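The structure appears below as structure tokens.
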Amino acid sequence: MISRRFSLVVALISPIGIYAFFEFNNAKCIIRNPEVLTFDYCYLRSVNRTYKYFSMKTKFLSLPVDNTWVYKRDNRHIFDRYNVTVDGCRFLKERNNALVNVLFGIFEEFSNLNHTCPFDHDILVEKLPVQHVNTLIKYIVPDGRYILNTTWSIRKVPFAEIIVYFTKF
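Here this note's numbering runs 19 ahead of the position in the sequence shown, where the first position is 1.
Listed below in structure tokens is the structure:
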């Protein structure tokens with residue numbers, strides 16, 4: 020009985036540290052061609068100081084996705100002007116690109132991208148929490164401010180961009 024009370028007192032007076040390694044700063048979903056795609060919503064939401072998430076709903080009017088670029092925001096050298104082009108449909112079938120696998124793994128669990136092309140339904144990323152992203156990138160990405168800029172295109176003609184600004188500290 021005494022040990023339970025002692026444990027409760029220790030738990031109540033122990034310092035509680037809340038800190039984050041990763042933080043969403045902003046998200047933008049830009050339509051380049053409204054005949055190909057529409058965004059029903061694209062936002063960051065902060066429920067409280069420790070729970071923040073990203074959500075997006077997209078309806079493709081023409082398919083498939085075949086281009087993605089990743090840029091770093093400041094001038095440090097980890098992803099300095101790193102540019103990668105990926106055929107989205109082929110990637111979903113083969114999963115053979117390590118960098119894209121890491122990026123896709125971040126939001127795969129919170130999206131409905133669970134099959135290969137064609138996509139004849141809305142594409143969702145629903146409530147992707149910052150804590151989940153932190154667990155996946157905290158040892159991979161060095162501290163800094165970043166931009167994840169994905170440009171979606173069909174036959175090399177861009178139709179949309181999703182830009183996420185984030186800080187890793």
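Ideal placement from N, C-alpha and C gives every residue a C-beta, glycine not left out. Please read all numbers here as calculations on a predicted model, not as lab measurements.
Item to complete: Specify the secondary structure class of L155 as computed by DSSP and reduced to three states.
Response: Under the three-state reduction of DSSP output, L155 falls in the helix class.
Practice prompt. Report yes if the C-beta distance between T186 and R164 is below 8 Å; otherwise report no.
Written response: In contact: T186 and R164 (Cβ atoms closer than 8 Å).
Worksheet item: Which word fits V181, buried or exposed, when buried means at least 16 other C-beta atoms lie within 10 angstroms of its C-beta?
Response: Strictly speaking, residue 181 in this sequence is Ile, with Val absent from that position. For I181, the number of other beta carbons within 10 angstroms of its own is at least 16, and it is reported as buried.
Fill in: Beta bridge counterpart(s) of F73 as assigned by DSSP
Beta-bridge annotation (DSSP): F73 is paired with L63, L147.
Worksheet item: Do the segment 122 to 139 and the segment 49 to 61 touch if we need at least three Cβ pairs shorter than 8 Å?
Response: Verdict: no, contact absent.
Item to complete: Tell me G107's beta-bridge partners as DSSP assigns them.
Response: The partner list for G107 (beta bridge, DSSP) is empty, contrary to what the question assumes.
Fill in: Through-space distance from N115 to V176, alpha-carbon basis
Spanning the two alpha carbons is a distance of roughly 24 Å.
Practice prompt. Measure how close the beta-carbons of F188 and F40 come, nearest whole angstrom, since I'm counting them as under 8 Å.
Written response: 7 Å between Cβ atoms; contact.
Practice prompt. Taking L167 as part of the alpha helix (DSSP H), name the residues at either end of that continuous run.
Written response: Careful: L167 lies outside any alpha helix (DSSP H), inside the beta strand (DSSP E) at 163 to 173.
Fill in: N44, DSSP secondary structure in three states
Residue state, collapsed to three classes: strand.
Fill in: 6 Å Cβ shell around K112 - same chain, five flanking residues per side excluded
Exclusion of the five residues before and after K112 leaves T135 as the residues of its chain whose Cβ lies within less than 6 Å of its Cβ.
Worksheet item: Can the beta-carbon of F123 be found less than 8 Å from the beta-carbon of F79?
Response: Taking 8 Å as the cut-off, the Cβ atoms of F123 and F79 do not count as close.
Worksheet item: Among N44, K71, R174, which one has its Cα closest to the Cα of G107?
Response: When each option's Cα is compared against that of G107, the closest is R174.
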